[in-house]
């Protein structure tokens, strides 16, 4: 039996045979050395039961032999998978012709909540060659870009030496995370263990910050935090990127971002770089935001205006990375304040309306007030700055929002919906009600915008009590 109850093996290792051929000066291949080192460190991490740890190396798959029934059974009886990815692995006959059964097992492990660990032995030029089951996973890189030409070089090749501590650092990090995964599975009442927490969203960074991001990721993982994302997001479209990122943000307690003066790549359909795009999505999520930049970064010399503004944000800390690590950990472990029940007699809804529908908004407000709900109308007079500030204050501070839409133009309600969505997303506490009150005297064209969480109240009949009783009930509840 393995360390994880109910399993025959704890780790199943898959690699390409050619990647394990020894070079001059080495008694054994790189893969054998690497797996031995990882196994040794994992056993030390599992200090209470080190001898129970069982690792299975697929010598048959390594030789590109058919995916036999015995191998399939071994994968099924293994807690987690470790794939050593390389150009040779992707070019193997097994990977091209006989990987389907193995891919199905990979999918099954991921659906069951078990980690699949992917190690990149060497740089892979075209990531489209990677099978989808592996390609979306963030790999553990065992290579660096070396010298002025930034030539990819595998760490520890032909043999690890004391002059290359980064090899041992990365082996230790992988082994730590494997041990944590096995502990998680072993401590569960069943194989589908709950994910550790709390979770931290560690934003993607530009290439110049990748080593610092990896250092921060290792530290947070050692502190027992769950780090998202665990997979790559689509990069060609800002919309597809946002759709993939938003669910991960919903699982996290804090958004963490490392910044430099480099804008980085941009999606094909966006003028903003990925640092700014991720920050915008974090703002919409309402998460606490903790950002970092180097103390000596000359912000005024950054050419890109959007990146310069991002670097000057209120949540950006100009400090050392060690100090920043402590700040991130404290924010991730911060307990939220207990929710304070709000008396139903102390509710205030903001009724936003165009000038042409002011009288209709006043009728709605008076009805709400008669039901014990306060209301606030937008300023009609004053400077543009005063009117804008009053609008934003209402959106941030009132308990709910209703757009009163009667004779106003279609463009007015569309622009208001977009603007309100942006401001509301920045609130610490979500509104108790979001609604569009449609009191148009005649049939209006469809607005063409649907936002989750917003109610559409059709009151063209003019019977306020019938139209508004649902929203009154929801607000008081």
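Numbering (this note's numbering), first residue to last: 33 to 509.
For each residue, glycine too, the CB sits at the ideal point set by N, CA and C.
Residue(s) in a DSSP beta bridge with residue i
i           : result
residue 408 : 382
residue 178 : 183
residue 490 : 470
residue 350 : 325
residue 110 : 41
residue 263 : 169
residue 231 : 258
residue 46  : 115
residue 87  : 43
residue 465 : 432
Reference residue i; option with closest CA among the options
i           : options            : result
residue 307 : 342, 469, 85       : 342
residue 46  : 122, 58, 114, 170  : 114
residue 50  : 153, 105, 236      : 153
residue 458 : 44, 413, 311       : 311
residue 108 : 119, 40, 148       : 40
residue 260 : 288, 155, 267      : 288
residue 199 : 76, 378, 62        : 62
residue 74  : 507, 209, 362, 249 : 209
residue 499 : 421, 423, 395      : 395
residue 406 : 87, 76, 314, 378   : 378
residue 328 : 340, 351, 309, 337 : 351
residue 34  : 211, 438, 180, 363 : 211
residue 219 : 120, 81, 232, 309  : 81
residue 471 : 414, 485, 440, 447 : 440
residue 466 : 243, 216, 449      : 449
residue 437 : 455, 479, 403      : 479
residue 314 : 275, 72, 302       : 275
residue 37  : 110, 147, 44, 60   : 110
residue 42  : 68, 106, 56, 231   : 106
residue 185 : 207, 156, 163      : 156
residue 87  : 250, 112, 456      : 112
residue 166 : 187, 196, 121, 178 : 121
residue 69  : 104, 191, 164, 48  : 191
residue 347 : 321, 265, 267      : 321
residue 236 : 267, 207, 216, 217 : 267
residue 269 : 179, 162, 463, 309 : 309
First through last residue of the beta strand (DSSP E) which encompasses residue i
i           : result
residue 290 : 286-290
residue 434 : 432-437
residue 150 : 148-152
Buried or exposed by the 16-neighbour rule on C-beta atoms within 10 Å, applied to residue i
i           : result
residue 490 : exposed
residue 502 : exposed
residue 53  : exposed
residue 325 : buried
residue 239 : exposed
residue 79  : exposed
residue 175 : buried
residue 392 : buried
residue 193 : exposed
residue 221 : No answer about residue 221 holds up, because its pLDDT of 41 lies below 50 and its placement is not dependable.
residue 435 : buried
residue 129 : Any reading at residue 129 is ruled out, since the residue's pLDDT is 49, under 50, leaving its predicted position unreliable.
residue 388 : exposed
residue 65  : buried
residue 227 : Reliability of the predicted coordinates at residue 227 is poor, the pLDDT of 49 falling under 50, and the value obtained from them is presented with this limitation in mind. Residue 227 comes out exposed.
residue 337 : exposed
residue 224 : Residue placement at residue 224 is flagged as unreliable, the pLDDT there being 40, under the threshold of 50; a coordinate-derived value is accordingly withheld.
residue 339 : buried
residue 323 : buried
residue 367 : exposed
residue 415 : exposed
residue 213 : buried
residue 300 : exposed
Start-to-end residues for the alpha helix (DSSP H) that takes in residue i
i           : result
residue 397 : 390-402
residue 258 : Segment 258-260 is the beta strand (DSSP E) holding residue 258; no alpha helix (DSSP H) there.
residue 238 : Residue 238 -> no alpha helix (DSSP H), and no H or E assigned at all.
residue 275 : 270-281
residue 69  : 62-77
residue 216 : 197-219
residue 81  : Counting along the chain, residue 81 falls outside any alpha helix (DSSP H), and DSSP gives it neither H nor E.
residue 313 : 306-317
residue 443 : 442-456
residue 337 : 337-343
Proximity test, residue i beta-carbon vs the ligand PLP heavy atom, cut-off 8 angstroms
i           : result
residue 468 : Annotation note on the ligand PLP: not contained in the displayed structure, which lists no ligands.
**Study point:** Cβ contact (3+ pairs, closer than 8 angstroms) linking the region 289-301 and the region 191-206
**Key:** no
Practice item. Take every Cβ of the region 245-254, pair it with every Cβ of the region 277-284, and state whether three or more of those distances are shorter than 8 angstroms. Key: no
**Study point:** Cβ pair count under 8 angstroms reaching 3, the region 399-417 against the region 349-358
**Key:** no
Practice item. Mind the definition here: the region 409-420 touches the region 380-391 only if three or more C-beta pairs lie below 8 angstroms; say whether that holds. Key: yes
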